[in-house]
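Have a look at the structure below, then the notes.
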Amino acid sequence: MRHLFALAATEPSQLMPARMQMAFTLGVHVVLVPLGVAFTFITLIANYRAIRKGDDVALLLAQRWSKVAGVLFAVGAVTGTVLS
2 MRHLFALAAT EPSQLMPARM QMAFTLGVHV VLVPLGVAFT FITLIANYRA
52 IRKGDDVALL LAQRWSKVAG VLFAVGAVTG TVLS
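Sequential numbering from 2 applies to the sequence shown in this note's numbering.
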């Protein structure tokens with residue numbers, strides 16, 4: 002354990018960029034995860050409306066938002082992997 006403290010004390014130049022990367026990744030992840038959940042739920046509602054009422058605009062909206070949700074999921078998975 003002393004070795005880790007000595008390493009951190011001797012190389013502060015490498016510690017700050019690592020902390021900045023972790024902070025940035027956590028900030029992006031915290032924003033993207035709720036958006037990914039919300040877009041999935043909104044897509045479900047738009048798809049339900051398109052099926053039940055035959056609304057073509059809602060179907061187009063659901064198709065577009067499903068692509069956005071897929072991209073958000075992928076980016077959220079990458080940022081989550083970097084965090085772990």
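Beta carbons: idealized from backbone N, C-alpha and C, even for Gly.
Separation of residue 35 from residue 44, as counted between CA atoms: The residue you call residue 44 lines up with position 43 of the sequence shown. The residue you call residue 35 lines up with position 34 of the sequence shown. One Cα belongs to residue 44, the other to residue 35, and the distance between them is close to 14 Å.
Residue range of the alpha helix (DSSP H) that includes residue 56: Along the sequence shown, one-based indexing puts residue 56 at 55. No alpha helix (DSSP H) contains residue 56, which DSSP labels as neither H nor E.
As assigned by DSSP and simplified to three states, the class of residue 85: Translated into positions along the sequence shown, residue 85 becomes position 84. Note: residue 85 maps to coil in three-state DSSP.
Nearest to residue 83 (by Cα), restricted to the options 14, 29, 17: Translated into positions along the sequence shown, residue 83 becomes position 82. Answer by Cα proximity: 29.
Cβ-Cβ distance between residue 16 and residue 73 below 8 Å: Along the sequence shown, one-based indexing puts residue 16 at 15. Along the sequence shown, one-based indexing puts residue 73 at 72. The answer is no: Cβ separation not under 8 Å.
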